[in-house]
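What follows is a set of notes on a single structure, which appears directly below.
Residue numbers (the working numbering): 54 to 163.
See the structure below:
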């Protein structure tokens, strides 16, 4: 499994595209952990609306702003995957991104 860790802070204008690019992956053995860093925009509502019915997504919300590195560490502690990928909340994955990475790891590491 791949754990995708995404810190978010006030990226309401981009985060939906990031989430949708994850949902469209051709490789489906993944989990996504989104850590909102006390956003003041409507990021949390957007994220919750897009992910609440999908158990592959976990949303964590900081009660105060802690910074992206803190959020990544929270994600690492929650991660269950064999591999971890960090994304920012304005990144978009190509639909074969996870498949290509797993194929590469199989060739090189296994």
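For each residue, glycine too, the CB sits at the ideal point set by N, CA and C. Computed from a prediction, not measured in an experiment: that's the story for all the values here.
- Message: Mapping the DSSP letters down to three states, classify residue 84 as helix, strand or coil.
- Response: strand
- Among 124, 145, 132, which has the Cα closest to the Cα of residue 91? 124
- Query: To which residues of the same chain is residue 138 closer than 8 angstroms at the C-beta, ignoring the five residues directly before and after it?
  - Reply: 55, 56, 57, 58, 151, 154
- Query: Whose C-alpha, out of 80, 109, 121, 68, is nearest the C-alpha of residue 96?
  - Reply: 68
- Query: Nearest CA to the CA of residue 99: which residue from 144, 66, 141?
  - Reply: 66
- Task: Specify the secondary structure class of residue 76 as computed by DSSP and reduced to three states.
- Result: helix
- Query: Expressed to the nearest angstrom, what Euclidean distance is found between the alpha-carbon atoms of residue 113 and residue 85?
  - Reply: 11 angstroms
- Residue(s) in a DSSP beta bridge with residue 136: 55
- Item | Distance between residue 134 and residue 80 (C-alpha atoms, nearest Å) | 14 angstroms
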